[in-house]
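Chemist:
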Amino acid sequence: MIMKKLLLIGIALCIGSMTYAQSVKIEPMSADAPKTQIIENVVEKSSPITAAKKHNPSQVYNVNGRALTFVNIGSSGNAYGFYSDPRTYLWADDHINSVTFAHRMVADPPTSYGNSRTAYDVSWEGGADGTWTNDIHVYEPTGPGSQYPDDAGRYPQGAILNPMGNTDPNAAYFVFFNALLSNTNDAWGGYGYGHNPLTTVDPPSPTQNIDNEVPPYRLIPDAFTTTQTGVAWMADVNYDVPTDTYQGEYIFYKGEYEEASDNVNWTWETMDVLDEGEGINDSKIAFDPSGQIGYLCVMSESASDPVPFTNYHPILYETTDGGETWSDEPIHCQFGGPDGIEEIKYYLPDEILDAIFGAGAWDRESVAYNMGYHTGMAVDYLGNVHLTGLITPGSDDGWYPNPDVMGTFHVWYNRDTEEWDAKLLYMNRTFDGDMGGIPMYNRPYVATDMDGRFVFFSWIDTDQEGIEENVSPDIYMVSYDMHAAENNWSEVYNVTSFTQAMWTAYWGSQSHYVFEEYINEDTEIEFTIPLVYEEADPNDPAAEVTFWYIDGWTLTFPNYWLGVEEGQESLIASVEQNYPNPFSTTTRIDVNLEDASSLSLEVVNLIGQKVMELNKGQVEAGTHSFDISAENLERGVYFYTVKAGENTVSKKMIVE
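Last residue of the sequence shown: 744 in the numbering used here, with the numbers rising by one and none dropped.
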């Protein structure tokens, strides 16, 4: 996509019959992400402590036929802790119809602990207006300290940890992970982490752990997630701040729910990843719905083992046993060159590449590309990786995040074919902006439904004439329907246009999972994508901020697993949900047929492998039952498909 006006280093060139003059040159920016996220030179302002409370009055807007409710949720003493990387702040769990948001708290003058504490906001009614409880206090520094409290909490991430098969919010947990100002790695150097029963809104004491010794050199985690099997994961670089050196390994933390103790136990270990001294801009960790296939994604140029025609790029490390072991060999994504991705190599017109490299000084098979500084990641039900982030040409001098040059891409990895592919989603107008001394980047996120069958992308961008920095952003979104025969990607939506967040959706963030509802007699699935942004003073990041949850952004897809084509008369009157569900011994599925038919049932796991087949042959109209034994099934999520004639109906079941 080429905008009507090209802004190149402040020079506006009208596009029509004109071409780029050879004197127009696009200048590079460093491909190494600035280390601004590890510097916090601000004296935090104080304000009265905020206890757990209900939200303030909400606002409702009609956007593209959707009624969006903007719900005022928690607050924080300043804008620090939510800016910079697109970390895990917002988390929805459709199994318990709940959503949480992690953030720092407002200041607490009596102890001077200020917003060094961590809190979360929660709704266990799908995020609906009037159902939120806010500012639930879960992390407390260990002492008053001097400039900052001892073990001051920073950059908190949080998610719902739900035991596999559970559908009761009272049996789930909120888990969190902070960086700490523990002075063991320069000012930084520790982790504060823990859990709280999800519905305990006034915990008697913080459920926290603190690790602040070196080595390893703990810093600021970018990667945090939970699996649908009840396990929390954090991954962080072992990075020595005083020497500005990556140590060649990652620190993994694992928080595992144990039914016997009804508790979350945390352990940690290190793993060799790339070589010492490598540049690393971002990290993400994610698992498929089964919790068995997972990936660590490292954004690096891998200078010691370079990839042809590719600068900073996604590098994957895979697990197929729920994180017990990880692959030794990295999986690199090559962007450019003869073996690169065609969509990336051809997304820019010749005149843009002329303006970067000089007319006649390049060819498409030799241009390098760079992804940065941040990425989002999710894993679908087939174990395939879906990434998003900003891509531009790259060179030895850096990369080129300029208008009409930079694009947000969907980049994915097919684990069966071991191939990469990509799709340009959007040509960004702005890259970063200065918000009172702290940056605001594009915040790429990827979400899926909990079955891992649909994918959703979001980012923020300032797309206004005359504004060259990302200081007045809206939230943009694209969905991906991996089962459609064509037109897999939706149009680009501006979610916050003509709402209270228009041009002020600061540091917009998206949940890793979305909510779903079957509509129109189950022929369609409606997904609701949870989003949040920060209301802040754009000139004063030290001022108190509030957070707004956006409820009601929906997208609808056909239900591909209903199994009845349009205009076809169904032989299946109904397929009941298996009962009990979840189950550990046996479960029963009742099927009601309109007419005589052949009848069979097939069970597959989340990576599409058939694990069971039952065939009743030709049967009469009426009710028939299938009994399934868990004896030969591992714990996890499965899909069962009932077939009568040419009609099929699929549903999900869980083995405990």
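For glycine and all other residues, C-beta sits at the position ideal for the given N, C-alpha and C. Only a predicted model underlies this, so the values are computations on that prediction, with no experimental measurement involved.
Quick check on the burial criterion: 16 or more other C-beta atoms within 10 angstroms. Buried or exposed for D427?
Modeler: Locating residue 427 in the sequence shown gives position 339, where the first residue counts as 1. Under this definition D427 is an exposed residue.
Chemist: With F603 and A180 assumed to form a contact (beta carbons below 8 angstroms), what rounded beta-carbon distance in angstroms separates them?
Modeler: In the sequence shown, residue 603 corresponds to position 515, counting from 1. In the sequence shown, residue 180 corresponds to position 92, counting from 1. With a Cβ gap of about 6 angstroms, F603 and A180 count as contacting.
Chemist: For F586, does the count of other Cβ atoms within 10 angstroms reach 16, so buried, or fall short, so exposed?
Modeler: As a first step, residue 586 is located in the sequence shown; it is residue number 498 there, counting from the start. Exposed.
Chemist: Going by C-alpha to C-alpha distance, which of D551, V493 and N693 sits closest to N582?
Modeler: As a position in the sequence shown, residue 582 is number 494, starting the count at 1. Measuring from the Cα of N582, the nearest candidate turns out to be D551.
Chemist: Classify Y728 as helix, strand or coil using the three-state DSSP reduction.
Modeler: The residue you call residue 728 lines up with position 640 of the sequence shown. It is a strand residue.
Chemist: Using the beta-carbon count (16 or more within 10 Å), is V187 buried or exposed?
Modeler: Looking up residue 187 in the sequence shown gives position 99. The residue is buried, with at least 16 neighbouring Cβ atoms inside 10 Å.
Chemist: Go ahead and label R531 buried or exposed: buried means 16 or more other beta carbons lie within 10 angstroms of its beta carbon, across all protein chains shown.
Modeler: Numbered from 1 along the sequence shown, position 443 holds the residue referred to as residue 531. So R531 counts as buried.
Chemist: With I248 as the anchor, note down where its beta strand (DSSP E) starts and where it stops.
Modeler: Taking the sequence shown and counting its residues from 1, one reaches residue 248 at position 160. It spans A240 to L249 - the beta strand (DSSP E) in which I248 sits, taken as one unbroken run.
Chemist: Figure out for me which residue from V692, I695, I716 and A684 has the closest Cα to the Cα of G705.
Modeler: Indexing the sequence shown from 1 puts residue 705 at position 617. Ranking the options by Cα distance to G705, first place goes to A684.
Chemist: Measuring CA to CA, which of Y341, N458 and E612 is closest to D299?
Modeler: By 1-based counting over the sequence shown, the position of residue 299 is 211. Residue Y341 is the option with its Cα nearest to D299.
Chemist: Closest to V730 by C-alpha separation, out of H712, N516, E744 and S717, would be which residue?
Modeler: Stepping through the sequence shown from its first residue, residue 730 is reached at position 642. The candidate whose alpha carbon is nearest that of V730 is H712.
Chemist: Run through DSSP, which three-state label would G253 get?
Modeler: Counting from one through the sequence shown, the residue named residue 253 turns up at place 165. In this structure, G253 counts as coil in the three-state DSSP scheme.
Chemist: Compare the beta carbon distance of P244 and S204 with 8 angstroms and say whether it is the shorter of the two.
Modeler: By 1-based counting over the sequence shown, the position of residue 244 is 156. By 1-based counting over the sequence shown, the position of residue 204 is 116. No, the pair does not count as a contact, with Cβ atoms beyond the cut-off.
Chemist: Are the Cβ atoms of D549 and T518 separated by less than 8 angstroms?
Modeler: Counting from one through the sequence shown, the residue named residue 549 turns up at place 461. Counting from one through the sequence shown, the residue named residue 518 turns up at place 430. Cβ atoms of D549 and T518: closer than 8 angstroms.
Chemist: Compute the Euclidean distance between the alpha carbons of V725 and F312, then round it to the nearest angstrom.
Modeler: As a position in the sequence shown, residue 725 is number 637, starting the count at 1. As a position in the sequence shown, residue 312 is number 224, starting the count at 1. Looking at the two C-alpha atoms, the distance is approximately 22 angstroms.
Chemist: Cα separation between W51 and L441?
Modeler: The shown model of the chain, from 89 to 744, leaves out residue 51, and the question about it has no answer.
Chemist: Rank G425, M494, D484 and P437 by C-alpha distance to the C-alpha of M459 and give the top, closest one.
Modeler: By one-based count along the sequence shown, residue 459 stands at place 371. Answer by Cα proximity: M494.
Chemist: Quick check on DSSP: helix, strand or coil for F445?
Modeler: Counting from one through the sequence shown, the residue named residue 445 turns up at place 357. DSSP places F445 in helix when its eight states are reduced to three.
Chemist: On the three-state DSSP scale, how would you describe K133?
Modeler: Taking the first residue of the sequence shown as position 1, residue 133 is located at position 45. At K133, the pLDDT of 38 sits below 50, so the modelled position is not reliable; the number obtained from the coordinates is stated separately. K133: coil per DSSP, three-state reduction.
Chemist: I need the boundaries of the beta strand (DSSP E) containing I638, first residue and last residue.
Modeler: Against the sequence shown, residue 638 aligns to sequence position 550. It spans V633 to D639 - the beta strand (DSSP E) in which I638 sits, taken as one unbroken run.
Chemist: Check each candidate in K739, L470, Y338 and Q588 and name the one with the smallest Cα separation from P304.
Modeler: Locating residue 304 in the sequence shown gives position 216, where the first residue counts as 1. It is Y338.
Chemist: Hey, V559 and G596 are a contact pair by Cβ (cut 8 angstroms); roughly how many whole angstroms apart?
Modeler: Sequence index remark: in the sequence shown, residue 559 carries index 471 (1-based). Sequence index remark: in the sequence shown, residue 596 carries index 508 (1-based). Their Cβ separation, rounded to whole angstroms, is 13 angstroms, which puts V559 and G596 out of contact at 8 angstroms.
Chemist: Find out if the Cβ-Cβ distance for the pair M515, D492 is shorter than 8 angstroms.
Modeler: Taking the sequence shown and counting its residues from 1, the one referred to as residue 515 is at position 427. Taking the sequence shown and counting its residues from 1, the one referred to as residue 492 is at position 404. Cβ distance < 8 angstroms, so M515 and D492 count as in contact.
Chemist: Do M252 and G318 have their C-beta atoms closer together than 8 angstroms?
Modeler: The residue labelled residue 252 in the question sits at position 164 within the sequence shown. The residue labelled residue 318 in the question sits at position 230 within the sequence shown. Yes; because the gap between Cβ atoms is below 8 angstroms, this pair is in contact.
Chemist: With 16 as the cutoff for other CB atoms within 10 Å, does D310 come out buried or exposed?
Modeler: As a first step, residue 310 must be located in the sequence shown, where it is residue number 222. Buried: at least 16 other Cβ atoms inside 10 Å.
Chemist: Give the DSSP bridge partners of I339, in chain order.
Modeler: Here residue 339 refers to the residue found at position 251 of the sequence shown. Note: I339 sits in a beta bridge opposite D324 and T358.
Chemist: Looking at C-alpha atoms only, which residue of E605, N502, N490 and D350 is the closest neighbour of I555?
Modeler: Mapped onto the sequence shown, residue 555 falls at position 467. The residue with the shortest Cα to Cα distance from I555 is N490.
Chemist: Report the CB separation of G425 from E453 in whole angstroms; it is logged as a contact under 8 angstroms.
Modeler: The residue labelled residue 425 in the question sits at position 337 within the sequence shown. The residue labelled residue 453 in the question sits at position 365 within the sequence shown. Their Cβ separation, rounded to whole angstroms, is 6 angstroms, which keeps G425 and E453 in contact under 8 angstroms.
Chemist: Since I believe W354 is in contact with Y281 (beta carbons under 8 angstroms), could you give me their beta-carbon distance rounded to a whole number of angstroms?
Modeler: For the purposes of this step, residue 281 is identified with residue 193 of the sequence shown, where counting begins at 1. For the purposes of this step, residue 354 is identified with residue 266 of the sequence shown, where counting begins at 1. Sure, about 7 angstroms apart at Cβ, within 8 angstroms.
Chemist: Once the 5 residues before and after S578 are set aside, which same chain residues still bring their CB inside 6 angstroms of it?
Modeler: Numbered from 1 along the sequence shown, position 490 holds the residue referred to as residue 578. Excluding sequence neighbours, S578 sits near V566 and S567.
Chemist: Within 10 angstroms of the Cβ of S717, are there 16 or more other Cβ atoms? Answer buried if so, exposed if not.
Modeler: Locating residue 717 in the sequence shown gives position 629, counting from the first residue. It is exposed - the Cβ of S717 has fewer than 16 other Cβ atoms within 10 Å.
Chemist: At what residues does the beta strand (DSSP E) containing I373 begin and finish?
Modeler: Locating residue 373 in the sequence shown gives position 285, counting from the first residue. Run containing I373: I368 to F375, per the beta strand (DSSP E) assignment.
Chemist: According to DSSP, A510 sits in a beta bridge with which residue or residues?
Modeler: For the purposes of this step, residue 510 is identified with residue 422 of the sequence shown, where counting begins at 1. Note: A510 sits in a beta bridge opposite V499.
Chemist: Does the beta-carbon of D485 have 16 or more other beta-carbons within 10 angstroms, so that it is buried, or is it exposed?
Modeler: Walking along the sequence shown from the start, residue 485 turns up at place 397. Burial call: exposed.
Chemist: Smallest Cα separation from R541: which of L513, Y529 and A572?
Modeler: Counting from 1 along the sequence shown, the entry for residue 541 is found at position 453. Checking every option, the nearest Cα to that of R541 belongs to A572.
Chemist: Could you work out which residue in R175, Q235, P629 and R676 is closest to G525 when comparing CA atoms only?
Modeler: Numbered from its first residue, the sequence shown carries residue 525 at position 437. Checked all of R175, Q235, P629 and R676; the closest Cα to G525 is P629.
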